[in-house]
Amino acid sequence: MADASAIKEHMEVIGADGVHVGTVDRVEGGRIKLTKRDSGEGAHKGHHHFIDLGLVADVEGDKVRLSAKGDVAVTFEEEEGGQTA
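In structure tokens:
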């Protein structure tokens, strides 16, 4: 796991395959809180989603690279309240 203190607001979160997963709002309680803007559509629209810091492989410049591919990382996402998405 990368150093969580290196993760800053507005950094892009990308999967191991380079696919955009979201944008960092902040690090909160061992998870990256993504901005609502990247919350998706339907029932997910307008909700913050979270990515566990355990999925972070590296922080490179202004990007947070995950150890999982983008489509897989989204399945590990959590919504507010700890429910899996």
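Under the working numbering, think of the first position of the sequence shown as 725, with each following residue one higher. Cβ atoms here follow ideal geometry from the backbone N, Cα and C, with glycine treated the same way.
With a cut-off of 8 Å on the beta carbons, I'd call residue i and residue j a contact; round off their distance for me.
| i | j | result |
| --- | --- | --- |
| Val743 | Leu758 | With a Cβ gap of about 14 Å, Val743 and Leu758 do not count as contacting. |
| Gly739 | Lys793 | 5 Å |
| Val751 | Ile731 | 5 Å |
| Ala726 | Ala781 | 7 Å |
Could you say which of the options lies nearest to residue i if we only look at CA atoms?
| i | options | result |
| --- | --- | --- |
| Arg755 | Leu790, Gly778, Val788 and Asp786 | Gly778 |
| Phe774 | Asp727, Val748 and Ala726 | Val748 |
| Lys760 | Asp782, Glu733 and Asp786 | Glu733 |
| Asp786 | His772, Val796, Asp795 and Met735 | Met735 |
DSSP has residue i in a bridge; who is on the other side?
| i | result |
| --- | --- |
| Thr747 | Glu736 |
| Leu790 | Val780 |
| Ile756 | Val751 and Ile775 |
Any heavy atom of the ligand ZN within a distance shorter than 6 Å of the CB on residue i?
| i | result |
| --- | --- |
| Thr759 | Only the bare structure without any ligand can be found here, which leaves the ligand ZN out of the picture. |
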